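A.B. asks:
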Amino acid sequence: MKTKIRVISFILMLGLVVLALSACTNSGEGEETTTAGTQPGESNTGGETTARNSLPPGLDFGGAEVKILYWSDANNEEFNIPEQTGSLIYDAVWKRDLNVQQSLNVKFNWNGQPGNKSQLANFQRYVQNSVQAGDKNIEIIAVHSMVMGALAASGLMQNLLDTEYLDFEMPWWPDDLIENSTIRDRLYFASGDISLNTLLGMIGLFFNKEMVRNDYYAYVDAGTWTLDRMLAESENFYRDNNGSQSKDKDDTYAYVTYSGMINPLFVGSGIRFVTKTADGDVAVSETYASEKTQGLLQKVIYNLYDKNDWIYFPNIDDCTDVFVAGRSLFYMASVRLTLNALVDVEGLKYGILPNPKYNEEQESYYTLMANTYSMYGICVSVLDTDIQSAVIEAMASEGYYEVTPAVFETALKVRYSNDDNDSRMFDILRETSIFEIGLIFSDQLGKIPSTGLFSRVDNRSSDWMSYMKSQEKSLNNYLRILNSSFSK
C-alpha cells in the first residue's frame, strides 16, 4: 500500500513539475519567474489542501486560533511571513500558510523565540515554564532538530502516532526519519517537506567546473563515485600561491573542509551512528564502532594533515571564502550554500555531487541532513490534538506541493544550477537523505555521536577503536536513559 501511494504521489509530483516549468515567463533580464505549484482550475482558497492530502474533505475548525512556537533564529526564514515580497521561495512559504489557514478555517498565532543549538537550554526552559504554568500558550512547536530532541527526551512533546490526522504514509514525510525516530512505538517529532530548512539542509559535494579533470557525473551515474575516486581526483592539486611554504587560505586545494563536514563524509560511506534494534530501542550502530570507521578515519586524517591537497580549516567561513575565490576543486556543504553564498558570485561555475560512497559495492549514495533544520511537534500540554495534527499534516502537504517545487524545480535546479546534470544530482541528494538520530539526540547521548569523529580529526588521533572503548560505558548509559524516556 505504501509503495502504491508513493508511486501515485510521484506521478502527481511530475505533473506539478511540468506545470511549474511551463508557467515560466521571461522577466526581461534573462531570469525566469514562475508561479510554483498552482494547477489549472484550482483556487487558492476553500478546501485546496483537503483535495490533495488524506484530510477529510470540508474539515472546518471554525476560525480556531492555532498557537505556533517557532525558532526565530532559523538559518533561512520559514515562519510568520506576513506578505508576498517577490521572492520565489519565501512567497511559496507564505502561500503554504495561507492555503492551510483558509482550507481548515484556522488562524495562526506565531510566537518566535531564539531556538538554535546554542539556545537549547533557554528554549527548553521556555517550554517547560509554559507547561508547568498551564497557560496553554504553546500548541505546535517548530524548532532546531537538536533542540526538539531535547524537548522530546524531557517529556514535553506529544506522541504523534496517537493523533487523529497525521498520516506518515504520505510522501511528504521521509521514511528514514519516521522509521528511525519512532522509539518504543512513540514518535514525538517530524520533518520533511514541511520545513524549508530541511529542504535546504541536504549536504552534498560542490565542485568547481573550471578545475575538473574528468566527468564526475559519469562516475555518479555508474555508481563508481567513491572516496578513493575522489582522492584520485585530488592528486597534485595543491599550489603554494603566496610562497609561504605552508598551507593557508591563499593557496589552491583539491578539498577544503572543517569540523562540521566530517560526519557527512562518514555517513556518505554508509556509517550510521545510532540505529534501531528489533525491539524498537536505539543502540550504537555496528558500523559506528567498527574497523571500517577506523580505516576511514585514518585515511581522512592522513589526507588532511600529511598531504597538501586537502586542508582542514578551523571554521566554515574560511572554506567558503576559498571555494568562492575559485581556489578549491571540492567543498562539502549544505545546498543552502547556493542561496546564501554562491548566487551572487560572478564567474564561478560550480556543480554538486552526492557525497562519495565507501566503495563501488555500496548500494546507494547517502546524504546527511545538516542539523539546522526544523522539527515539528505538538506540546504535551495540548489535551485535544485534532486541530494541531490537521494543521501539521496540511502544512506538510502544502509544503510538498508549493514550497518543494519552488526550491528544487525552480530555484535550485533552474536558477542556481548550471545544467541538467546538476538537476539530476539534486534529485539524488533528496532521494538519499539521511536523518541521523544520533545527532538529533546529541545532548542526550553526551555529544559522543555528534562530536566523536571530528574531535578525533581535530586532535589528529586515528585510534578510533580505543576511543570508542573508552566511551562505551557512558554511551550505553546515555542510551538506556534515552530509551527509558520514551516509555514514560
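Read left to right, the sequence shown gives residues 237 to 724 (my numbering).
All residues carry an ideal CB built from backbone N, CA and C; glycine is no exception.
Remember, it's a predicted structure, so these values are computed and weren't measured experimentally.
#1: Specify the secondary structure class of Thr511 as computed by DSSP and reduced to three states.
#2: With a CB to CB cut of under 8 Å and the five nearest residues on each side skipped, what residues in its chain are close to Lys445?
#3: Going along the chain, which residues of its own chain have a beta-carbon closer than 7 Å to the beta-carbon of Ala389, five neighbours each way excluded?
#4: Say yes only if the C-beta of Asp557 is nearer than 7 Å to one or more non-hydrogen atoms of the ligand HEM, and no if none qualify.
#5: What residues are listed by DSSP as bridge partners for Ser564?
#6: Candidates Trp346, Ile614 and Asp557: which alpha carbon is nearest Glu314's?
#7: Where do the ends of the alpha helix (DSSP H) carrying Met701 lie?
#8: For Arg422 versus Leu387, is the C-beta distance shorter than 8 Å?
#9: Report the start-end ranges of each alpha helix (DSSP H) in the region 326 to 371 that is 4 residues or longer and not cut off at the edges.
#10: In whole angstroms, what separates the C-alpha of Ile191 from that of Ala328?
#11: With distances taken from CA atoms, which of Gln364, Gly385, Asp412 and Phe344 is nearest Glu667?
#12: Can you tell me where the beta strand (DSSP E) with Glu301 in it begins and where it stops?
#13: Helix, strand or coil: how does DSSP classify Ile419 here?
#14: If the criterion is Cβ atoms closer than 8 Å, does the pair Leu501 and Asn607 meet it?
#15: For Met497, name the three-state secondary structure that DSSP assigns.
#16: Curious, which full-length beta strand (DSSP E) runs of at least 3 residues does the region 597 to 673 contain?
#17: Rounded to the nearest angstrom, what separates Thr274 and Glu638 at their Cα positions?
#18: Grouping DSSP H, G and I as helix and E and B as strand, with all else coil, what is Gly583?
#19: With DSSP run on the structure shown, which of helix, strand or coil describes Ser570?
#20: Use the C-beta contact count for Arg696: other C-beta atoms within 10 angstroms, 16 or more gives buried, fewer gives exposed.
#21: So for Tyr594, helix, strand or coil by DSSP?
#22: Within its chain, find whatever has a CB closer than 6 Å to the CB of Gly348; leave out the 5 residues flanking it on each side and keep chain order.
#23: Name the DSSP beta bridge partners of Trp546, please?
#24: Would you say Lys593 and Gly504 are within 8 Å of each other, going by their C-beta atoms?
C.D. replies: Here's the rundown:
#1: Residue mapping note: residue 511 aligns to position 275 of the sequence shown, counting from 1. Residue state for Thr511 is assigned as strand, using DSSP reduced to three classes.
#2: Position 209 of the sequence shown, counting from 1, holds the residue named residue 445. Result list for Lys445: Lys585, Tyr586, Gly587 and Asn654, in chain order.
#3: Working through the sequence shown from its first residue, we reach residue 389 at position 153. Short of 7 Å from the beta carbon of Ala389, and not among the five residues preceding or following it, lie these beta carbons of its own chain, in chain order: Phe677, Gln680, Leu718 and Ser721.
#4: Among the ligands in the structure shown, none appear at all, so the ligand HEM cannot be discussed.
#5: Within the sequence shown, the letter at position 328 stands for residue 564. Tyr489.
#6: Within the sequence shown, numbered from 1, the residue matching residue 314 stands at position 78. When only C-alpha atoms are compared, the closest one is Trp346.
#7: On the sequence shown, position 465 is the one that residue 701 refers to. From DSSP, the alpha helix (DSSP H) with Met701 extends over Trp700 to Ser721.
#8: Numbered from its first residue, the sequence shown carries residue 422 at position 186. Numbered from its first residue, the sequence shown carries residue 387 at position 151. Against a cut-off of 8 Å, the Cβ pair of Leu387 and Arg422 comes out as no contact.
#9: 356 to 369
#10: For residue 191 there is no data in the structure shown, the boundaries of the chain being 237 and 724.
#11: Taking the sequence shown and counting its residues from 1, the one referred to as residue 667 is at position 431. Ranking Gln364, Gly385, Asp412 and Phe344 by Cα distance to Glu667 puts Asp412 first.
#12: Taking the sequence shown and counting its residues from 1, the one referred to as residue 301 is at position 65. Start and end: Ala300 to Trp307.
#13: By one-based count along the sequence shown, residue 419 stands at place 183. In the three-state DSSP reduction, Ile419 falls in the strand class (E or B).
#14: Within the sequence shown, numbered from 1, the residue matching residue 501 stands at position 265. Within the sequence shown, numbered from 1, the residue matching residue 607 stands at position 371. Not a contact, by the Cβ cut-off of 8 Å.
#15: As a first step, residue 497 is located in the sequence shown; it is residue number 261 there, counting from the start. Met497 falls in the helix class under three-state DSSP.
#16: 610 to 614
#17: Residue numbering aside, residue 274 sits at position 38 when the sequence shown is read from its first letter. Residue numbering aside, residue 638 sits at position 402 when the sequence shown is read from its first letter. Because Thr274 sits at a pLDDT of 37, beneath the cut-off of 50, its placement in the model cannot be relied upon, and the following sentence gives the value as read from the coordinates. The alpha-carbon atoms of Thr274 and Glu638 are separated by roughly 8 Å.
#18: Along the sequence shown, one-based indexing puts residue 583 at 347. Of the three classes helix, strand and coil, the one that applies to Gly583 here is coil, per DSSP.
#19: Your numbering for residue 570 matches position 334 in the sequence shown. Ser570 falls in the strand class under three-state DSSP.
#20: By one-based count along the sequence shown, residue 696 stands at place 460. So Arg696 counts as exposed.
#21: Here residue 594 is taken as the residue at index 358 of the sequence shown, counted from 1. Looking at Tyr594 - three-state DSSP - the assignment turns out to be coil, as it is neither helix nor strand.
#22: Counting from one through the sequence shown, the residue named residue 348 turns up at place 112. Taken in chain order, the residues that qualify are Tyr306 and Ser308.
#23: Stepping through the sequence shown from its first residue, residue 546 is reached at position 310. DSSP lists Tyr491 as partners of Trp546.
#24: In the sequence shown, the residue the question calls residue 593 occupies position 357. In the sequence shown, the residue the question calls residue 504 occupies position 268. Against a cut-off of 8 Å, the Cβ pair of Gly504 and Lys593 comes out as a contact.
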